[in-house]
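Each residue of the sequence shown is one higher than the last, beginning at 6 in the working numbering.
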Amino acid sequence: MSVLVVVEHDRGQMADASLEAFAFAAGIAEQLGVTVDALLIGADAASLADTCAAHGAATVHYVEDAALADYGPDAYGSTVAAAVGALSPSALVASGSDRGNEVLAYAAAELDLPFVANCLEVKTADDWEMTRVQWGGSLNEDARLTSSMPILSSAPHSIAPGDSTVGAVATVNTLDVALPESATATMIQDRIVLSEGVTLATAPVVIGGGRGVGSAEGFDVLEALAAKLGGVVGCSRAVTNNGWRPHSDQVGQTGTRIAPQLYIACGISGAIQHWVGAKAAKKILAINTDPAANMVVKADYAIIGDLFEVLPAITDAT
Ligand SMILES: Cc1cc2nc3c(=O)[nH]c(=O)nc-3n(C[C@H](O)[C@H](O)[C@H](O)COP(=O)(O)OP(=O)(O)OC[C@H]3O[C@@H](n4cnc5c(N)ncnc54)[C@H](O)[C@@H]3O)c2cc1C
């Protein structure tokens, strides 16, 4: 028996979130006294077996099919459901990313089993107990699950990836899966690259601007500091609503969830919908004229002042 991890990747590039899923699965496997196994889907994924082994997979199950040449939720969901049928794992796990949750939802529907998304902690017993993130991150829910085979995703950025074991080797098992014709109902046709290189989701430093920035041109002072720190500029929804920045720059519940080493939030009040997208930052510096602003109260560091005085001073000193 094993905890089976569905590995998320994009054309053979493993998503960092998959490493979090391995760490999450390891915690469950330890409680159950079983191994962690991995499921790699698609021809491009074959090269990821060693990385899976380094992150704790004892056996790597590999599925290839013409319908799996690129990502499609129906094809991936059906593949996962078929793998569960063939392998009978103790639990099925993936990262709680958009794609991870989508694949597990499709698989759960096909298996007619319940799926619990975005878990923080899991205790295994006759009934499984879990704490999971709800309402876009604004509350944590304690839940109890009765299922013959729990299907769980780990809340993004809630668990650190485990250390990788250099030289670890996993048994590789090729699974034959017969996919229905309907499996190709939804397939990627094209990709539009919105930003090259460092993105908001992966940047080590994010400089966020809110309504306090006042205009599109006001973001020049944020861009100047971002350029010096090797970071990228993000913003609040007040900014995108005003048309000062594109939606792709928005941090928050309905934007991007960021996890940089440093988030500098300038002229942002810290509404819950913004906070849930920013709270995974390792350190937060708030720059705000209001000492009582939620972002100031919650930040690791705060500078109370006008961002148009504070930011140029930091940029000059950097
Ligand atoms: C369903 C839903 C989803 C949402 N999703 C998101 C989301 O994904 N992301 C998001 O950001 N919001 C989201 N919101 C909106 C959110 O509720 C807030 O309205 C928004 O985050 C406020 O943006 P803000 O902090 O820039 O503006 P404000 O709340 O107006 O705050 C402006 C801040 O700037 C400070 N300030 C003003 N001038 C200066 C200056 N010169 N120097 C320094 N500080 C200054 C003020 O003291 C204030 O704290 C969502 C709302 C809903 C209902």
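Yeah, the Cβ is synthetic: ideal placement off N, Cα and C, and Gly gets one too.
Here Arg16 is exposed, its C-beta having fewer than 16 other C-beta atoms within 10 Å. For the region 8–87, the continuous alpha helix (DSSP H) assignments of 4+ residues that do not extend past its boundaries occur at 21–37 and 54–59, in sequence order.
For Ala208, the CB contacts under 6 Å within the same chain, skipping 5 residues up- and downstream, are Gly236, Val237 and Pro265 in chain order. The secondary-structure analysis by DSSP pairs Tyr268 across a beta bridge with Val211 and Ile289. Per DSSP, the beta bridge partners of Gly239 are Gly213. As DSSP reads the structure, Ile263 sits in no beta bridge.
Here Val127 carries a strand assignment [DSSP, helix/strand/coil]. Counting of Cβ neighbours within 10 angstroms places Pro161 among the buried residues, the total reaching 16 or more. For Met135, the enclosing beta strand (DSSP E) begins and ends at Trp133 to Gln139.
At a cut-off of 4 residues, the continuous stretches assigned as alpha helix (DSSP H) that sit fully inside the region 89–123 are 103–116. In terms of Cβ geometry, Glu25 and Ile164 form a close pair [threshold 7 Å]. The closest CA to that of Asn106, considering only Leu227, Gly272, Ala122 and Val315, is found on Ala122. Per DSSP, Thr170 lies in no alpha helix (DSSP H) and is assigned neither H nor E.
The beta carbon of Asn178 sits closer than 8 Å to those of Thr64, Val65, His66 and Tyr67, all from its chain and outside the five residues before and after it, given in chain order. Cβ contact annotation for Pro296 (same chain, cutoff 8 Å, sequence separation greater than five): Ala307 and Ile309, in chain order. Counting every other CB atom within 10 Å of its CB across the protein chains shown gives Val226 a total of 16 or more, marking it as buried. Boundaries of the beta strand (DSSP E) around Thr176: Thr176 to Thr179. By the Cβ test, the region 271–282 is in contact with the region 254–262, since at least three Cβ pairs between them sit closer than 8 Å.
Ala148 carries a strand assignment under DSSP once its states are collapsed to helix, strand and coil. The beta carbons of Ala173 and Ala71 sit about 31 Å from each other, so the pair does not count as a contact at 8 Å. Shortest Cα-Cα distance from Ala188 to any of Asp311, Pro78, Ala322 and Ser23 involves Pro78. Not one heavy atom of ligand 1 falls within 6 Å of the beta-carbon of Gly236. Under the three-state reduction of DSSP, Leu157 is assigned to strand. Those residues that bring their Cβ nearer than 5 Å to a heavy atom of ligand 1 are Gly215, Arg216, Gly217, Ser241, Arg242, Ala243, Gly257, Gln258, Thr259, Gly260, Gly272, Ile273, Ser274, Ala276, Gln278, His279, Asn293, Thr294, Asp295, Ala298, Asp311 and Leu312. Pairing Ala231 with Arg242, the inter-Cα distance amounts to about 20 Å. Taking Leu157 as reference, the option from Asp131, Thr176 and Ala110 with the minimal CA-CA separation is Ala110. Under the 10 Å beta carbon count, Arg137 is surrounded by 16 or more other beta carbons and is classified as buried. Residue pairing of Val256 in beta bridges, as defined by DSSP: Thr261.
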